[in-house]
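Numbering (the working numbering), first residue to last: 32 to 651. The next block holds one structure in the form of structure tokens; read it before the comments.
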Amino acid sequence: MKTVLSKYKTFLKSNNKLSFKSYNDLHYWSVNEIADFWDSIVKFFKIEFENPPTTIYKFNDDFIKTLWFENSKISYSKNVFKNHKLKTPAIKYQDENGSYIEITWGSLKMKTLEFQRILVENNVKIGDRVAGYCSNTAEVVAAFLAVNSLGAIWSSCSPDFGYDSVYDRFNQIQPKFLFYHSEYMYNGKIFSLESKVEKLKSSIKSISGSLDLNTKSIFSNNTNNINLTFTPVDFNHPIWILFSSGTTGKPKAITHRTGGMILEHYKALSIHQNVIQSDTYFWYSTTGWMMWNYSLSSLLIGATLCIYNGSPVYPDKGVLWRFVKKAQINHFGHGAVFFQNLLSDTPKELISYDLSCIKTLGSTGSPLFKETNIGLNKLFPNAHVVSLSGGTDVCTAFIGGNPEMDVIPGEIQCKMLGASIEVWNDHGTEVKNEMGELVLTKPFISMPVFFWNDKNDEKYRNSYFSKFNKIWNHGDWVTHTLNDGIIVHGRSDSTLNRFGVRIGTSEIYSAIKDLSYVDDSLIIHLDDSNNNQLILFVKSISEIDNDELKSVIRQKCSPRHVPDLIFKIPDIPYTISGKKVEVPVKKILMGKNLNDVVSSDSLRNPKSLDWFVKFYKNYL
């Protein structure tokens, strides 16, 4: 069976009279003939515009002011429903209780129409913001599609976000309408959101209407008289507002363009992950993580979106694999930490069930260790292991999978089409086979259109363009290998620079993860003027062996990166999206106030930081 990538290359040969000897040649063309490339994506996927662009790409030496598809109008939701078949499944849904339902395209369209009518009654118009404080259910998908169908702008937070975090986000964008769940379940417990919701509605004066999705949970099979209308918007009109994690300050309101998301997600999901119309697509997420938005776009392709609502390990670690079997999931995605834990404690379902339906395994959130990659290949010998790296900044990946290339464990396969990626040293020189900063040397179609309420784009420019003049610096410390793959070592602001030698924190974690007493770890380099210590924190229920830890790091990493101090701790802090909280911990250990360096509601386990606060006061 031909891959989508193969079909795309055949299309280019027929339509554009282009042929390429290698993927690298194709990538080179995609970033040097930018207008022709994105025009080919539109034509290959038959993306529908209300009116065509007068200019596809215009760059005037300023990434932020780049013009894309000028004067064109488009609708995300219209493209979602353009090829649907009323009686085929659009969504397969399961929750912690084991409740399973398949929702047809016709039913999804009816629910979208119902929400559209409610929004119209509440005077929601093009450009208005609509917020969701919701768990991950099929109703939320319909709510988003209804919002989008009117040209309004969506933004959402998951229910595990505390009041302060939700207020800090939604108050920035002043939503007119609020979708919410009055209660949700996680880990077998029911949590009420009523008091938080009422407080939000009273404190954010822009909210003039709301709807409790707990009262609107029934999908109708009556598909008569569906009169769903679509409001086309400018290509660069905002589609949704995503927020940074809040681990380095107040969350930034990252605003994405409608057309950019449509074109980029068609390309990323289809060409790089090989998702086709008949497939089932699942990526475990919450409504507060960009992977929720990314996964939605499987509907653009006409695939079936699979949703699991609740803890991925409740009532046991086999729950997601039972969902895979039930829904016959073809594309399974999760965070790298989930896969690492999977190999250390493999559920019986992986052995006893036939899970050959899985075609790709997707990983993101943090680097996927080489050993984990090898282990996944053994568990899923017929699956393509796709590791992605990008972020909320672009709501996609810069580097990712290629279904026609071999996977080299520990490396992400390729630079993705349309992304002009290079690796630069501190002097702004491109390097290969050595570590450096991941940069974009040319504008990318899913860059933010702006940050909400960001006067003169000050926050935008400071976030990406402060290190290299007029070049996007992503903040990832990576290596472009001799195989033309990419190794991600971690965030550059948490990279360990020890006596002039830099390595990524992930290398330390990888080196010691197989030691029996290491449940998890965190390494911090205190490198201010008052201190120069490398400290390793190890989560363990057993006694730890400091000498062995140092010896392993010396052998596998370098003598320069042997920690000065090692401490056993009860827990490692993580963001809700599953990333280790390195920079805020470093700031705490350098004397910064906890409330100034991180929002506790952005963390999965906020109480874990209390230990570091006490440690600073009593030890440092």
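Where is the CB? At the ideal position from N, CA and C, for every residue including glycine. Note that the structure is a prediction, hence the values are computed from the model and not measured.
Let's test the definition: count the other Cβ atoms within 10 Å of the Cβ of residue i and tell me whether it reaches 16, buried, or not, exposed.
i, result
"residue 522", "buried"
"residue 513", "exposed"
"residue 595", "exposed"
"residue 310", "buried"
"residue 158", "exposed"
"residue 282", "buried"
"residue 200", "buried"
"residue 264", "buried"
"residue 212", "buried"
"residue 362", "buried"
"residue 325", "buried"
"residue 148", "exposed"
"residue 108", "buried"
"residue 257", "exposed"
"residue 536", "buried"
"residue 260", "exposed"
"residue 458", "exposed"
"residue 630", "buried"
"residue 308", "exposed"
"residue 389", "buried"
"residue 442", "buried"
"residue 495", "buried"
"residue 500", "exposed"
"residue 85", "exposed"
"residue 204", "buried"
How is the alpha helix (DSSP H) around residue i delimited, first residue to last?
i, result
"residue 520", "Here residue 520 belongs to no alpha helix (DSSP H); instead the beta strand (DSSP E) covers 517–522."
"residue 296", "289–297"
"residue 195", "194–204"
"residue 493", "489–495"
"residue 469", "Residue 469 -> not in any alpha helix (DSSP H); beta strand (DSSP E) instead, spanning 466–471."
"residue 41", "35–46"
"residue 227", "225–234"
"residue 330", "329–332"
Grab the span of the beta strand (DSSP E) containing residue i for me, first residue to last.
i, result
"residue 120", "120–126"
"residue 417", "415–418"
"residue 163", "160–164"
"residue 132", "131–135"
"residue 344", "That residue, residue 344, is in no beta strand (DSSP E); it is neither H nor E in DSSP."
"residue 640", "No beta strand (DSSP E) contains residue 640, which is instead part of the alpha helix (DSSP H) from 639–649."
"residue 311", "311–314"
"residue 217", "214–217"
"residue 243", "240–243"
"residue 569", "564–570"
"residue 267", "First-last for residue 267: undefined, no H or E at that position."
"residue 181", "Note, residue 181: premise wrong, no beta strand (DSSP E); not H, not E."
Skipping 5 residues on each side, what residues in its chain have a beta carbon closer than 8 Å to that of residue i?
i, result
"residue 376", "348"
"residue 598", "566, 567, 568, 569 and 646"
Between residue i and residue j, which are expected to be in contact by the criterion C-beta below 8 Å, what is the C-beta distance as a whole number of angstroms?
i, j, result
"residue 592", "residue 620", "Not confirmed; about 18 Å, so no contact."
"residue 461", "residue 453", "5 Å"
"residue 424", "residue 285", "6 Å"
"residue 367", "residue 399", "5 Å"
"residue 662", "residue 296", "This structure cannot settle anything about residue 662, because the visible part of the chain is limited to 32 through 651."
"residue 222", "residue 190", "7 Å"
"residue 550", "residue 572", "7 Å"
"residue 386", "residue 352", "7 Å"
"residue 187", "residue 318", "4 Å"
"residue 604", "residue 640", "5 Å"
"residue 81", "residue 105", "6 Å"
Just to confirm my understanding: we take residue i, look at its own chain, exclude 5 residues before and 5 after, and list those with CB closer than 7 Å. What are they?
i, result
"residue 407", "370, 392 and 416"
"residue 306", "300, 312, 329, 332, 334 and 362"
"residue 359", "311 and 388"
"residue 543", "549, 552, 580, 583 and 584"
"residue 70", "87"
Leaving out five residues before and five after residue i in sequence, what residues of the same chain have Cβ atoms less than 6 Å from its Cβ?
i, result
"residue 299", "427"
"residue 343", "315 and 351"
"residue 445", "433"
"residue 365", "315"
"residue 193", "632"
"residue 175", "185"
Report yes or no: is there a C-beta of chain C within less than 7 Å of the C-beta of residue i?
i, result
"residue 617", "In summary, chain C is missing from the structure at hand, where a single protein chain is found."
Fully enclosed by the region 576–635, which alpha helix (DSSP H) runs are 4 residues long or longer? Listed in chain order, they are 577–587, 613–620 and 625–628.
For a minimum of 3 consecutive residues, which ranges assigned as the beta strand (DSSP E) are wholly contained in the region 529–556? Assignment of beta strand (DSSP E) within the region 529–556, counting only whole runs of 3 or more residues, yields 532–534 in chain order.
Could you give the uninterrupted runs of the beta strand (DSSP E) lying entirely in the region 89–113, keeping only those of 3 residues or more? The region 89–113 contains these whole beta strand (DSSP E) runs: 98–101.
Which parts of the region 374–419 are runs of the alpha helix (DSSP H), unbroken and 4 residues or longer, counting only runs that do not cross its ends? For the alpha helix (DSSP H) assignment, the uninterrupted runs of no fewer than 4 residues enclosed by the region 374–419 are, from N- to C-terminal side, 379–383 and 401–410.
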